[in-house]
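Residue numbers (the working numbering), protein chains in the order written: chain A, 391 to 657; chain B, -11 to 241. Just so it is clear, CB atoms sit at the ideal spot from N, CA and C, and this is done for glycine as well. In what follows, a structure is listed as structure tokens, so that the remarks can point back to it.
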Amino acid sequence: MWEILQYEFMRNALAAGVLASVACGIIGVLIVVKKIVSISGGISHAAFGGIGLGYLMGFDPILGALFFALASALGMGVLRERTRLSEDAAVGILWVTGMSLGVIFIGLAPGYAPDLFSYLFGSILTVPFLDLVVMAALDIVILLVVFLLYEEFMAISFDESFATAAGVPVGRIYMVLLSLVALSVVVLIRIVGVILVIAMLTVPATIAWQFSHRLKEMMAISVLVSAIFTTEGLWLSYVFDLASGATIVLVSVATFVLSSALKSLFK
Amino acid sequence: MSEEVISLEDVWVQYNGVTVLEDITLSVQNRDFLGIIGPNGGGKTTLLKVILGLIKPNRGRVTVLGGPPEEGRRFIGYVPQLTQFDREFPATALDVVLMGRLGHKGLLRRYTEEDMEIAYKALESVEILDLKDRQVGKLSGGELQRVFLARALAADPKILLLDEPTASIDEPTKTELYELLKGLNREITIILVSHDIGVISSYVDKIACLNRRLFYHGSKEITAETIEETYRCPVELLAHGVPHRVLKKHEGK
Chain A
391 MWEILQYEFM RNALAAGVLA SVACGIIGVL IVVKKIVSIS GGISHAAFGG IGLGYLMGFD
451 PILGALFFAL ASALGMGVLR ERTRLSEDAA VGILWVTGMS LGVIFIGLAP GYAPDLFSYL
511 FGSILTVPFL DLVVMAALDI VILLVVFLLY EEFMAISFDE SFATAAGVPV GRIYMVLLSL
571 VALSVVVLIR IVGVILVIAM LTVPATIAWQ FSHRLKEMMA ISVLVSAIFT TEGLWLSYVF
631 DLASGATIVL VSVATFVLSS ALKSLFK
Chain B
-11 MSEEVISLED VWVQYNGVTV LEDITLSVQN RDFLGIIGPN GGGKTTLLKV ILGLIKPNRG
49 RVTVLGGPPE EGRRFIGYVP QLTQFDREFP ATALDVVLMG RLGHKGLLRR YTEEDMEIAY
109 KALESVEILD LKDRQVGKLS GGELQRVFLA RALAADPKIL LLDEPTASID EPTKTELYEL
169 LKGLNREITI ILVSHDIGVI SSYVDKIACL NRRLFYHGSK EITAETIEET YRCPVELLAH
229 GVPHRVLKKH EGK
């Protein structure tokens, strides 16, 4: 199986998998622990609007995704602070608005949208080198912010009322967290696509939670299992000629089912 | 020497048109040990959150240590109800106690040696230093309650607010907890809300009853009428297990 490494696209794909694992492993744990899975799903689908805008206006769709994801993350944060609209309902609205905008923009764009499918479902085998650089840069931002605000993230996830009473600017910290979710979404779009992003942000973290109850340890486990899943999924999709994004997700889910079964067996 | 630390004047709180707190006026003096009793849904937690500035009253004025609650709350140690927590949460007892230092730490900084020492001392003062590395979900109700008390103490508070601190713990542990609070009360003002009428009254020195409105008595002499008025149903006053009887006859009012 090593001979496949002689291809540059394969080396890029492996690197992309590892870089994505850093983002989804760390942010995924915060998402699962803070219970903002559905909001994160909303942000990732909203990003599709930006992808469409990129096609329409002729810039890199990934930049559009970054812009839309960040804007919707900040929008969700503001909405929560300023209005009484339930977060749950807001997520639903955000989700469909982003997707619909994306569809309309792509329809308006002249000609074909050749790699549209890869933005929807991922295409780890076609990651260009430049995207690796962007992914690495976003990983560094994520690592740095989580390092600096680790205690605050833990505190607002555990008990928002107490954190507020203790003087933590909970609203702003929450917005920073959602922005990091947005960055992770952008990192992951190349791997599994906007529709399946939420799988990589929840499954590895949930598996980590089955084996550890320390936040840092969970992050490390989650990064590690994500890297295993992307590599394993990549290899399987190459060997059996399957869609890479979906294969990675199914490998993750299968492992989750297996580890849940093992866990309840040894309890 | 008495000095007012918390004052509420004519405070009203409404949620979606439903009045939760009605015309609350309350004055708490330095080193008071005030017990507030009342039925579930009577607004006890809301009242504490108003004092912490987490809920803004629709009407009325709240003062904590002479200023608005947003400033005063730096000096308040808050012990919320146990029920609000995810038992699976990935944090150790020490992690939780350190959260009490967040206000002092400042953003973008790590906890210092001093924060650590204060957290250890807080854990020691509630006698659970040996449990510091245990995950919060593996602690018993009483131990968890001590962790939250230690977290509040780690902020070096002048005032402690406790929300149903005895809700899910057994009798001997309750007594230990109250003894602990009594010791802390030598230096710290304490407000404790509970629906546990029996035990509360033998430790606190002032009692108020809250059911949307506050029936404040100033002393802990409390009558069946007050309690019935608060709960809006007849209550049997039980005094067993209480070192001395505190439920005296009503004297002209």
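Kindly indicate which residue of the options has the alpha-carbon position closest to the one of residue i.
i	options	result
Glu379 (chain A)	A:Ala503, A:Ala406, A:Pro559 and A:Thr487	It is not possible to answer for residue 379 (chain A), since the shown part of chain A is limited to 391 through 657.
Lys93 (chain B)	A:Ser547, A:Leu469 and A:Glu542	A:Glu542
Leu520 (chain A)	A:Ser547, A:Ala461, A:Ile429 and A:Asn402	A:Asn402
Leu506 (chain A)	A:Ala556, A:Ile483, A:Leu446 and A:Met525	A:Leu446
Arg139 (chain B)	B:Ile43, B:Ala107, B:Trp0 and B:Pro45	B:Ala107
Ile179 (chain B)	B:Asp158, B:Glu159 and B:Pro153	B:Pro153
Leu42 (chain B)	B:Phe136, B:Gly30, B:Met104 and B:Pro57	B:Pro57
Asp529 (chain A)	A:Leu395, A:Gly497 and A:Cys414	A:Cys414
Met565 (chain A)	A:Ala463, A:Gly439 and A:Ile618	A:Ala463
Ala459 (chain A)	A:Val575, A:Tyr628, A:Val412 and A:Val582	A:Val575
Pro78 (chain B)	B:Pro27, B:Trp0, B:Glu102 and B:Gly125	B:Gly125
Asp83 (chain B)	A:Ser547, A:Phe511 and A:Glu477	A:Ser547
Gly512 (chain A)	A:Ile581, A:Phe646 and A:Gly442	A:Ile581
Leu573 (chain A)	A:Tyr397, A:Tyr509 and A:Ile452	A:Ile452
Gly123 (chain B)	B:Gly26, B:Asp74, B:Arg62 and B:Leu168	Residue 123 (chain B) is actually Gln in this sequence, not Gly. Out of B:Gly26, B:Asp74, B:Arg62 and B:Leu168, B:Asp74 has the C-alpha closest to the C-alpha of Gln123 (chain B).
Quick one: Cα of residue i to Cα of residue j, how far?
i	j	result
Ala196 (chain B)	Leu9 (chain B)	14 Å
Gly240 (chain B)	Leu14 (chain B)	Reliability of the predicted coordinates at Gly240 (chain B) is poor, the pLDDT of 40 falling under 50, and no value is obtained from them.
Leu36 (chain B)	Tyr3 (chain B)	16 Å
Val692 (chain A)	Met400 (chain A)	Any answer about residue 692 (chain A) is impossible in this case: the structure gives chain A only from 391 up to 657.
Leu90 (chain B)	Val615 (chain A)	32 Å
Glu59 (chain B)	Asp144 (chain B)	15 Å
Leu127 (chain B)	Ser634 (chain A)	44 Å
Thr100 (chain B)	Leu534 (chain A)	19 Å
Met104 (chain B)	Leu538 (chain A)	18 Å
Tyr66 (chain B)	Phe552 (chain A)	7 Å
Ala598 (chain A)	Met608 (chain A)	5 Å
Val223 (chain B)	Val6 (chain B)	Low confidence applies to Val223 (chain B): its pLDDT is 45, below 50, so where it sits in the model is not reliable enough to give any reading.
Thr516 (chain A)	Leu626 (chain A)	16 Å
Gly448 (chain A)	Val523 (chain A)	21 Å
Val419 (chain A)	Leu605 (chain A)	8 Å
Ala155 (chain B)	Gln17 (chain B)	26 Å
Met489 (chain A)	Ala437 (chain A)	8 Å
Arg47 (chain B)	Glu131 (chain B)	38 Å
Ser(-5) (chain B)	Lys194 (chain B)	15 Å
His435 (chain A)	Met466 (chain A)	13 Å
Gly492 (chain A)	Val531 (chain A)	27 Å
Glu(-3) (chain B)	Thr51 (chain B)	9 Å
Apply the 10 Å Cβ neighbour rule to residue i and answer buried if 16 or more other Cβ atoms are within range, or exposed otherwise.
i	result
Lys162 (chain B)	buried
Ile483 (chain A)	exposed
Arg134 (chain B)	buried
Val114 (chain B)	buried
Thr554 (chain A)	buried
Ala644 (chain A)	exposed
Val486 (chain A)	exposed
Arg200 (chain B)	buried
Leu165 (chain B)	buried
Phe630 (chain A)	exposed
Pro160 (chain B)	exposed
Ala479 (chain A)	exposed
Phe656 (chain A)	exposed
Tyr191 (chain B)	buried
Asp158 (chain B)	exposed
Thr473 (chain A)	exposed
Val613 (chain A)	buried
Which residues in the same chain have their Cβ closer than 6 Å to the Cβ of residue i, if we skip the five residues on either side of it in sequence?
i	result
Asp151 (chain B)	Thr33, Leu36, Pro68, Gln69 and Val181
Ala142 (chain B)	Val85, Gly88, Arg89, Ile106, Ala107 and Ala110
Phe21 (chain B)	Asn173, Ile178, Val192 and Asp193
So, for residue i: in the same chain, excluding its five sequence neighbours on each side, which residues have a beta-carbon less than 8 Å away from its beta-carbon?
i	result
Ala651 (chain A)	none
Ile421 (chain A)	Val427, Ser430, Val571, Leu591, Thr592 and Ala595
Leu409 (chain A)	Leu522, Met525, Ala526, Asp529 and Val577
Asp450 (chain A)	Gly444
Ile494 (chain A)	Gly442
For residue i, which residues from the same chain have a beta carbon less than 7 Å from its beta carbon, with the 5 sequence-adjacent residues on both sides left out?
i	result
His228 (chain B)	Any reading at His228 (chain B) must be qualified, since the residue scores a pLDDT of 35, below 50, and its modelled position is unreliable; the value itself is stated next. Taken in chain order, the list of residues that qualify is empty.
Met(-11) (chain B)	Reliability of the predicted coordinates at Met(-11) (chain B) is poor, the pLDDT of 49 falling under 50, and no value is obtained from them.
Would a check of beta-carbon distances place residue i closer than 8 Å to chain C?
i	result
Pro160 (chain B)	Absence of chain C from the displayed structure is noted, the protein chains being A and B.
Residues of the region 85 to 99 of chain B with Cβ closer than 9 Å to any Cβ of chain A, in chain order: Leu86, Met87, Gly88, Arg89, Leu90, Gly91, His92, Lys93, Leu95, Leu96, Arg97, Arg98 and Tyr99
Contact set between the region 22 to 43 of chain B and chain A, restricted to residues whose Cβ is under 9 Å from the partner: From the region 22 to 43 of chain B, only Lys37, Leu40, Gly41 and Leu42 have a Cβ closer than 9 Å to chain A.
Cβ-based contacts, 8 Å cut-off: residues of the region 532 to 553 of chain A near chain B: Leu538, Leu539, Glu541, Glu542, Met544, Ala545, Ser547, Phe548, Asp549, Ser551, Phe552 and Ala553
Under 8 Å (Cβ pairs) to chain A, residues found in the region 46 to 66 of chain B: Arg61, Arg62, Ile64 and Tyr66
Residues of the region 452 to 475 of chain A with Cβ closer than 7 Å to any Cβ of chain B, in chain order: If you check each beta-carbon in the region 452 to 475 of chain A against every beta-carbon of chain B, none falls closer than 7 Å.
Near-chain A residues of the region 115 to 146 of chain B (beta-carbon distance less than 9 Å), N- to C-terminal order: Flagged, chain order: Gln123, Val124, Gly125, Lys126, Phe136, Arg139, Ala140 and Ala143.
Chain B contacts from the region 427 to 449 of chain A (Cβ-Cβ distance under 9 Å): none
Chain-ordered residues of the region 571 to 585 of chain A with a beta carbon less than 9 Å from chain B: none
Members of the region 556 to 570 of chain A that neighbour chain B once the beta carbon cut-off is set at 8 Å: Ala556, Gly557, Val558 and Pro559
Near-chain B residues of the region 608 to 632 of chain A (beta-carbon distance less than 7 Å), N- to C-terminal order: Met608
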